[in-house]
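Novice: Pasting a structure here, questions to come.
Number of protein chains: 2
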Amino acid sequence: MGFIVEGDYSDDDVVLEPPPNFSMVEEGIYRSSFPRPSNFAFLQTLNLRSIIYLCPEPYPEENLDFLRSQNIRLFQFGIEGKTEPSLVTLRDAIRGALKILMDVRNHPILIHCKRGKHRTGSLVGCFRKVQSWCLSAVFEEYQHFAGIKSRSNDLRFIETFDTVCLRQCLHSIIYQYQGYGSKKRRLLYEEESVQKPQITSI
Amino acid sequence: MGFIVEGDYSDDDVVLEPPPNFSMVEEGIYRSSFPRPSNFAFLQTLNLRSIIYLCPEPYPEENLDFLRSQNIRLFQFGIEGKTEPSLVTLRDAIRGALKILMDVRNHPILIHCKRGKHRTGSLVGCFRKVQSWCLSAVFEEYQHFAGIKSRSNDLRFIETFDTVCLRQCLHSIIYQYQGYGSKKRRLLYEEESVQKPQITSI
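Those protein sequence lines, which keep their order, are chains A and B. Residue numbers for the first sequence follow our numbering, so the first one is 5 and each next one is one higher. Residue numbers for the second sequence follow our numbering, so the first one is 5 and each next one is one higher.
Right, dumping it as structure tokens:
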């Protein structure tokens with residue numbers, strides 16, 4: 005015998021229900037569809053610090069209660085799901101969401117919209133571009149989650165999204181996230197007067 | 005200005021090419037299809053310590069060279085892809101692979117077969133059962149990667165895979181992986197004479 009295990013064996017029989025379209029994007033970053041109360045036990049295991057919510061509809065009271073009980077901060081960027089948002093509106097929302105997403109002080113963080121396909125897929129796609137992923141891999145990942153609901157508008161948005169500009173913004177406020185473990189993501193505090201992001205207080 | 009960033013900005017223009025069907029499964033665990041030389045630059049960013057390879061075919065020389073240069077250990081569990089393997093063979097291979105997969109000393113680790121759909125999907129599916137995921141979420145994840153190539157045999161194998169037995173084995177040699185961050189995965193060394201897994205030395 006080599007190891008013994010410390011842990012609580014009493015809940016071996018608990019079955020955890022991740023929200024549909026749940027996945028890990030990166031260390032400390034998750035994506036999913038809209039979490040329902042049956043998913044709360046699973047979400048608790050993620051130890052979330054923040055949620056990025058990409059719909060304009062108000063957050064349901066039972067979800068707000070869960071967030072309060074877990075001390076999770078909600079960042080809402082309302083992107084219309086049915087009517088096509090203007091390019092400028094969409095770009096500004098995605099840029100704002102990326103700044104929150106890439107700030108490790110907000111991790112672990114969950115991104116979600118309604119189905120975890122289009123709005124969430126667009127944000128993750130732009131994030132992959134910042135990570136220097138080739139476009140074919142970015143699109144493949146988008147399509148894994150969107151399936152037959154894949155939208156060419158989203159793919160075009162991701163393709164044309166300007167990460168150079170975003171990187172320049174990020175240099176001054178957060179950190180540059182360049183790939184995985186090999187590039188250390190070190191934050192050096194220079195001064196504490198960081199510009200606060202717009203948040204939906206709960 | 006709040007932060008300054010430490011990092012190498014010289015390679016902003018490098019485009020990284022993850023292997024098709026690449027994804028992060030868990031902290032320190034990745035999955036993909038068979039990596040080609042064009043994917044090596046991307047794989048380097050993962051700082052891999054090990055690879056689980058699920059096909060019976062020998063590993064190509066150029067991939068072995070890459071593993072040697074990166075000091076990555078290869079664990080091969082040969083599962084036939086075309087002819088249906090016997091249930092006992094498949095179960096033994098998946099059990100063996102799970103023991104390697106769940107040993108944090110082997111992390112970061114990449115699982116791959118040929119297309120990253122069936123063999124890799126079966127292994128990840130069984131891993132999710134050990135993590136107490138509900139079966140519908142396990143199947144959804146399998147289907148994300150298998151797409152129209154989804155095989156009902158794989159789903160049945162995952163459903164009937166006995167994690168209780170596996171947990172009992174793991175208690176004695178590794179650790180019990182129960183969900184995410186909230187459950188600490190602590191290893192207590194009792195004695196050093198750990199039974200060595202079968203590995204393909206490179």
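From the three backbone atoms N, C-alpha and C, an ideal C-beta is built for every residue, glycine too. Fair warning: this is a prediction, and the values are worked out from it, not measured in the lab.
(1) In chain order, what residues of the same chain have a beta carbon less than 6 Å from the beta carbon of residue 167 of chain A, not counting five sequence neighbours either side?
(2) If we cut at 9 Å on Cβ distances, does residue 59 of chain B have a partner in chain A?
(3) Can you give me the Cβ contacts of residue 50 of chain B inside the same chain, cut-off strictly under 8 Å, excluding the 5 residues immediately before and after it?
(4) State yes or no: is the beta carbon of residue 148 of chain B nearer than 9 Å to at least one beta carbon in chain A?
(5) Is the beta carbon of residue 170 of chain B closer than 9 Å to that of residue 123 of chain B?
(6) I need the DSSP call for residue 148 of chain A, collapsed to helix, strand or coil.
(7) So which residues on chain B does residue 1 of chain A lean against when the C-beta distance must stay under 7 Å?
(8) Curious, which full-length beta strand (DSSP E) runs of at least 3 residues does the stretch 57-138 of chain B contain?
(9) Taking the beta carbon of residue 152 of chain B as the centre, do at least 16 other beta carbons fall within 10 Å, making it buried, or is it exposed?
(10) Strictly under 9 Å for the Cβ-Cβ distance: is residue 163 of chain A near chain B by that measure?
(11) Applying the criterion that 16 or more other CB atoms from any shown protein chain within 10 Å of the CB defines a buried residue, is residue 30 of chain A buried or exposed?
(12) With a threshold of 16 other CB atoms inside 10 Å of the CB of residue 109 of chain A, please say whether the residue is buried or exposed.
(13) Tell me, please, whether the CB atom of residue 25 of chain B is closer than 9 Å to any CB atom in chain A?
(14) Check the Cβ of residue 138 of chain A against every Cβ in chain B and list those closer than 7 Å, keeping chain order.
(15) Give the straight-line distance between the Cα atoms of residue 120 of chain A and residue 38 of chain A, rounded to the nearest whole angstrom.
(16) Output, in chain order, the set of chain A residues within a Cβ distance shorter than 8 Å of residue 106 of chain B.
(17) Below 7 Å on C-beta distance, what does residue 97 of chain B contact in chain A?
(18) Going straight from the alpha carbon of residue 116 of chain A to that of residue 79 of chain A, what length do you get?
(19) Can you tell me which of B:158, B:27, B:77, B:21 puts its alpha carbon nearest to the alpha carbon of residue 149 of chain A?
(20) Is any beta-carbon of chain B found at less than 9 Å from that of residue 29 of chain A?
(21) Provide the residue span of the beta strand (DSSP E) that contains residue 35 of chain B, from first to last.
(22) Thinking C-alpha only, which one of B:86, B:40, B:76 is nearest residue 66 of chain B?
(23) Would DSSP call residue 163 of chain B helix, strand or coil?
(24) I'd like to check one pair, residue 22 of chain B with residue 45 of chain A: are the Cβ atoms closer than 9 Å?
(25) Answer with buried or exposed for residue 88 of chain A, where buried requires no fewer than 16 other C-beta atoms within 10 angstroms of its C-beta.
(26) Please tell me whether residue 101 of chain A has its Cβ less than 9 Å away from any Cβ of chain B.
(27) Let me check understanding here. Comparing Cα to Cα, which of B:19, B:60, B:85, B:48 lies closest to residue 73 of chain B?
(28) So which residues on chain A does residue 144 of chain B lean against when the C-beta distance must stay under 7 Å?
(29) How would you write the range of the beta strand (DSSP E) that residue 27 of chain B sits in, first residue to last?
(30) Got a sec? Which residues, its chain only, sit under 7 Å from residue 82 of chain A by beta carbon, not counting five neighbours each side?
(31) Using the Cβ count rule (16 or more neighbours within 10 Å means buried), how would you classify residue 145 of chain A?
(32) Could you tell me which residues DSSP pairs with residue 20 of chain B in its beta bridges?
(33) How is residue 154 of chain B classed by DSSP in three states: helix, strand or coil?
(34) Relative to the alpha-carbon of residue 101 of chain A, which residue among A:57, A:155, A:154, A:158 has its alpha-carbon at the smallest distance?
(35) From which residue to which residue does the alpha helix (DSSP H) around residue 47 of chain A run?
(36) Do residue 165 of chain A and residue 129 of chain A have their CB atoms nearer than 9 Å?
Specialist: Inspection of the coordinates gives the following:
(1) Taking the first sequence and counting its residues from 1, one reaches residue 167 of chain A at position 163. The residues are 133, 134.
(2) As a first step, residue 59 of chain B is located in the second sequence; it is residue number 55 there, counting from the start. Nearest CB-CB separation between residue 59 of chain B and chain A: not below the 9 Å threshold.
(3) Looking up residue 50 of chain B in the second sequence gives position 46. When the five nearest sequence neighbours on each side are left out, the beta carbons in the same chain lying within less than 8 Å of the beta carbon of residue 50 of chain B are those of 34, 112, 114, in order along the chain.
(4) Within the second sequence, numbered from 1, the residue matching residue 148 of chain B stands at position 144. Yes, contact with chain A.
(5) In the second sequence, residue 123 of chain B corresponds to position 119, counting from 1. In the second sequence, residue 170 of chain B corresponds to position 166, counting from 1. Contact: no.
(6) Taking the first sequence and counting its residues from 1, the one referred to as residue 148 of chain A is at position 144. Looking at residue 148 of chain A - three-state DSSP - the assignment turns out to be helix.
(7) Not covered by the structure: residue 1 of chain A. The range shown for chain A is 5 to 206.
(8) Taking only runs of at least 3 residues, the beta strand (DSSP E) segments lying wholly in the stretch 57-138 of chain B are 77-80, 113-116.
(9) The sequence position of residue 152 of chain B within the second sequence is 148, counting from 1. So residue 152 of chain B counts as exposed.
(10) Counting from 1 along the first sequence, the entry for residue 163 of chain A is found at position 159. Residue 163 of chain A does not count as touching chain B.
(11) Along the first sequence, one-based indexing puts residue 30 of chain A at 26. With a threshold of 16 other beta carbon atoms within 10 Å, residue 30 of chain A meets it and is buried.
(12) Here the question's residue 109 of chain A lines up with position 105 in the first sequence. Around the beta carbon of residue 109 of chain A, fewer than 16 other beta carbons sit within 10 angstroms, so the residue counts as exposed.
(13) Position 21 of the second sequence, counted from the first residue, corresponds to residue 25 of chain B. Contacts with chain A at 9 Å (Cβ-Cβ) include residue 25 of chain B.
(14) Locating residue 138 of chain A in the first sequence gives position 134, counting from the first residue. By Cβ distance, chain B contributes 19, 20, 21.
(15) As a first step, residue 120 of chain A must be located in the first sequence, where it is residue number 116. As a first step, residue 38 of chain A must be located in the first sequence, where it is residue number 34. Spanning the two alpha carbons is a distance of roughly 7 Å.
(16) Counting from one through the second sequence, the residue named residue 106 of chain B turns up at place 102. The premise fails here: residue 106 of chain B is roughly 11 Å from chain A at the closest Cβ pair, so nothing lies under 8 Å.
(17) Working through the second sequence from its first residue, we reach residue 97 of chain B at position 93. The contacting residues do not exist; residue 97 of chain B stays about 22 Å from chain A at best.
(18) Translated into positions along the first sequence, residue 116 of chain A becomes position 112. Translated into positions along the first sequence, residue 79 of chain A becomes position 75. Cα-Cα distance, rounded: 11 Å.
(19) On the first sequence, position 145 is the one that residue 149 of chain A refers to. Looking only at B:158, B:27, B:77, B:21, the smallest Cα-Cα distance to residue 149 of chain A is reached by B:27.
(20) In the first sequence, the residue the question calls residue 29 of chain A occupies position 25. True, the Cβ-Cβ gap to chain B drops below 9 Å.
(21) Numbered from its first residue, the second sequence carries residue 35 of chain B at position 31. For residue 35 of chain B, the enclosing beta strand (DSSP E) covers residues 33-36.
(22) Taking the first residue of the second sequence as position 1, residue 66 of chain B is located at position 62. Answer by Cα proximity: B:40.
(23) Counting from one through the second sequence, the residue named residue 163 of chain B turns up at place 159. Helix at residue 163 of chain B.
(24) Within the first sequence, the letter at position 41 stands for residue 45 of chain A. Within the second sequence, the letter at position 18 stands for residue 22 of chain B. Taking 9 Å as the Cβ cut-off, residue 45 of chain A and residue 22 of chain B do not qualify as a contacting pair.
(25) Against the first sequence, residue 88 of chain A aligns to sequence position 84. The residue in question, residue 88 of chain A, is exposed, as its Cβ has fewer than 16 Cβ neighbours within 10 Å.
(26) Taking the first sequence and counting its residues from 1, the one referred to as residue 101 of chain A is at position 97. With respect to chain B, the C-beta atom of residue 101 of chain A has no partner C-beta closer than 9 Å.
(27) Taking the second sequence and counting its residues from 1, the one referred to as residue 73 of chain B is at position 69. Considering only alpha carbons, the answer is B:48.
(28) Your numbering for residue 144 of chain B matches position 140 in the second sequence. By Cβ distance, chain A contributes 24.
(29) Along the second sequence, one-based indexing puts residue 27 of chain B at 23. From DSSP, the beta strand (DSSP E) with residue 27 of chain B extends over 27-30.
(30) For the purposes of this step, residue 82 of chain A is taken as residue 78 along the first sequence, with counting starting at 1. Cβ within range, chain order: 59, 60.
(31) Counted from its first residue, the first sequence places residue 145 of chain A at position 141. Buried is the call here.
(32) Here the question's residue 20 of chain B lines up with position 16 in the second sequence. Looking at the DSSP assignment, residue 20 of chain B forms a beta bridge with A:137.
(33) For the purposes of this step, residue 154 of chain B is taken as residue 150 along the second sequence, with counting starting at 1. Correct three-state label for residue 154 of chain B: coil.
(34) Walking along the first sequence from the start, residue 101 of chain A turns up at place 97. Check the Cα spacing between residue 101 of chain A and each of A:57, A:155, A:154, A:158: the tightest is with A:57.
(35) On the first sequence, position 43 is the one that residue 47 of chain A refers to. 44-48 is the span of the alpha helix (DSSP H), which, as asked, contains residue 47 of chain A.
(36) Here residue 165 of chain A is taken as the residue at index 161 of the first sequence, counted from 1. Here residue 129 of chain A is taken as the residue at index 125 of the first sequence, counted from 1. Yes, they are a contact pair.
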